[in-house]
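Taking it in order: structure first as structure tokens, then the write-up.
In the numbering used here, the protein residues as written are 1 to 401.
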């Protein structure tokens, strides 16, 4: 069966028949939110319907998550922890890149290192964004019950970064923005956010109710929220970053933090297709049908899980291979070999190495003892990263056998 937006351009009479058939079908779910399309006087009530493809994708996601979970159980916890942090850096950079916000991995890592200093919230760039993504790893709860919760989160999450770029983009309404906004491509207006603010608040409260509705399949309600947030466009700036974080937050609850840390990375790889999903859903001929958006969203989630599984599998395989051959296998002292195995994990799963404090907790030796043992290892076997106040250590993967 061809999608509504395709039939619309082929035969309007056939399109009207198809629309009524889909909208009135027993598999249809109706949402109390009208979709008003750009440059069209007519709006359509949003709806979606179950398809075999959606059911298949949900099943594939479940199977992929089981594979990822089994793999994570085989990888040392310290390696997983560092892999999540490395993924966090890439995720934050990707969500910034999507919005055209310039950032470097070094800036993001600096914000990660400054997390224990709450006074750095306004002085260290991306401190607040890193702080919120770190809560995904710790499985902390963040309330998103209503519009006021959302505004409170926005202020903590991205407002500092928004105001650094343009102080005029501070939300100026009761909760959100009080003026109209347009979303533009280089050549034209592609979307107008909801207006006035009373309609933004009313619709956002409905969308948040959908997001937290236990009677709707979890991944489907996340997909619906992700679309509606972009459609509503409640803030002058920072909408994309906020929407993608909330998506990752709920994915971390339903799937796991590692899978959630790949959402923006996957979107960035297929950015044209991602924007096309919104364009098609917003088109007049689509008549408020969110089915294709849900389908595309689930494909992004599946690709995210598969990509992180593949990468983790490759690193895990290297860990096993390198641990079982020289020079590690020929180190005679068991404690030295234990330290080297931790340093190998640092090399494979961490971007900057591990401080002595983490190595100490892993091998249960004093820092002075560890430093002494590292000093007596073969020259060139250990790499010391001195870019931090606390030096970071890792194994040299290019060390000859």
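Here a beta-carbon is modelled for each residue, glycine too, at the ideal position from N, C-alpha and C. No experiment lies behind these values; they were computed from the predicted model shown.
Checklist entry - Which runs of the alpha helix (DSSP H) fall wholly inside the region 143-172 and span at least 4 residues, in chain order? => result 147-157, 159-165
Checklist entry - Among the residues of its own chain, which have a CB less than 6 Å from the CB of residue 261, if the five just before and after it don't count? => result Numbered from its first residue, the chain shown carries residue 261 at position 261. Here the set comprises 87, 88, 91.
Item to check | residue 38 versus residue 251: straight-line alpha-carbon distance, rounded | outcome: Looking up residue 38 in the chain shown gives position 38. Looking up residue 251 in the chain shown gives position 251. Between the alpha carbons of residue 38 and residue 251 lies a distance of about 30 Å.
Item to check | Top-ranked residue by Cα proximity to residue 198, from 234, 119, 191 | outcome: Numbered from 1 along the chain shown, position 198 holds the residue referred to as residue 198. Here the closest residue by C-alpha is 234.
Next on the checklist: Can you list, in chain order, the residues of its chain with a C-beta nearer than 6 Å to that of residue 51? Leave out the 5 residues immediately preceding and following it.
Outcome noted: Locating residue 51 in the chain shown gives position 51, where the first residue counts as 1. Non-local C-beta neighbours of residue 51 in its own chain, meaning closer than 6 Å and more than five positions away in sequence, are absent.
Checklist entry - Within 10 angstroms of its Cβ, does residue 57 collect 16 or more other Cβ (buried), or is it exposed? => result What you label residue 57 is simply residue 57 of the chain shown in a count that begins at 1. Counting Cβ neighbours within 10 Å, residue 57 comes out buried, since at least 16 surround it.
Next on the checklist: Taking its Cβ as the centre, do 16 or more other Cβ atoms sit within 10 Å of residue 364, making it buried, or is it exposed?
Outcome noted: Residue mapping note: residue 364 aligns to position 364 of the chain shown, counting from 1. Exposed is the call here.
Next on the checklist: Under DSSP, the beta strand (DSSP E) around residue 392 begins and ends at which residues?
Outcome noted: Taking the first residue of the chain shown as position 1, residue 392 is located at position 392. Per DSSP, residue 392 belongs to the beta strand (DSSP E) from 392-395.
Checklist entry - By the 10 Å Cβ neighbour count, where 16 or more other Cβ atoms means buried, how is residue 70 classified, buried or exposed? => result Position 70 of the chain shown, counting from 1, holds the residue named residue 70. Per the 10 Å Cβ criterion, exposed.
Next on the checklist: Within 8 Å, do at least three Cβ pairs link the region 40-55 to the region 22-32?
Outcome noted: yes
Item to check | Buried or exposed by the 16-neighbour rule on C-beta atoms within 10 Å, applied to residue 79 | outcome: The residue given as residue 79 occupies position 79 in the chain shown. Buried, by the Cβ-count rule.
Item to check | Closest Cα partner of residue 72 within the set 359, 259, 279 | outcome: Taking the first residue of the chain shown as position 1, residue 72 is located at position 72. Of the candidates 359, 259, 279, the one whose C-alpha sits nearest the C-alpha of residue 72 is 259.
Checklist entry - Sorted by chain position, which residues of the same chain lie with C-beta nearer than 6 Å to residue 296's C-beta, five sequence neighbours on each side aside? => result Position 296 of the chain shown, counting from 1, holds the residue named residue 296. Taken in chain order, the residues that qualify are 277.
Checklist entry - To which residues of the same chain is residue 186 closer than 7 Å at the C-beta, ignoring the five residues directly before and after it? => result On the chain shown, residue 186 is found 186 positions in, with the first residue counted as 1. There are no such residues.
Checklist entry - Excluding sequence positions up to five away, which residues of its chain have a Cβ less than 6 Å from the Cβ of residue 287? => result As a first step, residue 287 must be located in the chain shown, where it is residue number 287. Only 4, 19, 44 meet the Cβ criterion.
Next on the checklist: Using 8 Å for Cβ pairs, my map puts residue 226 next to residue 203. What's the rounded Cβ distance?
Outcome noted: Reading the chain shown from its first residue, position 226 is the one you call residue 226. Reading the chain shown from its first residue, position 203 is the one you call residue 203. Contact doesn't hold; Cβ gap of about 15 Å is too wide.
Item to check | Short Cβ contact (8 Å threshold) for residue 201 with residue 222 | outcome: To locate residue 201, count along the chain shown from 1; it is residue 201. To locate residue 222, count along the chain shown from 1; it is residue 222. Cβ distance not < 8 Å, so residue 201 and residue 222 don't count as in contact.
Item to check | Cα-Cα separation, residue 268 to residue 230 | outcome: Against the chain shown, residue 268 aligns to sequence position 268. Against the chain shown, residue 230 aligns to sequence position 230. Each residue's alpha carbon lies about 16 Å from the other.
Item to check | 3 or more residues per run - each beta strand (DSSP E) lying fully within the region 170-223 | outcome: 182-184, 189-192
Item to check | residue 365 - DSSP class collapsed to helix/strand/coil | outcome: Here the question's residue 365 lines up with position 365 in the chain shown. Coil.
Checklist entry - When the Cα atoms are used, what is the spatial distance from residue 10 to residue 283? => result On the chain shown, position 10 is the one that residue 10 refers to. On the chain shown, position 283 is the one that residue 283 refers to. Near 15 Å, if we compare the C-alpha coordinates of residue 283 and residue 10.
Checklist entry - How do the region 386-401 and the region 346-356 stand: do at least 3 beta-carbon pairs fall below 8 Å, yes or no? => result yes
Checklist entry - For the alpha helix (DSSP H) that residue 329 lies in, which residues bound it at each end? => result Looking up residue 329 in the chain shown gives position 329. Premise fails: residue 329 is in no alpha helix (DSSP H) and is neither H nor E.
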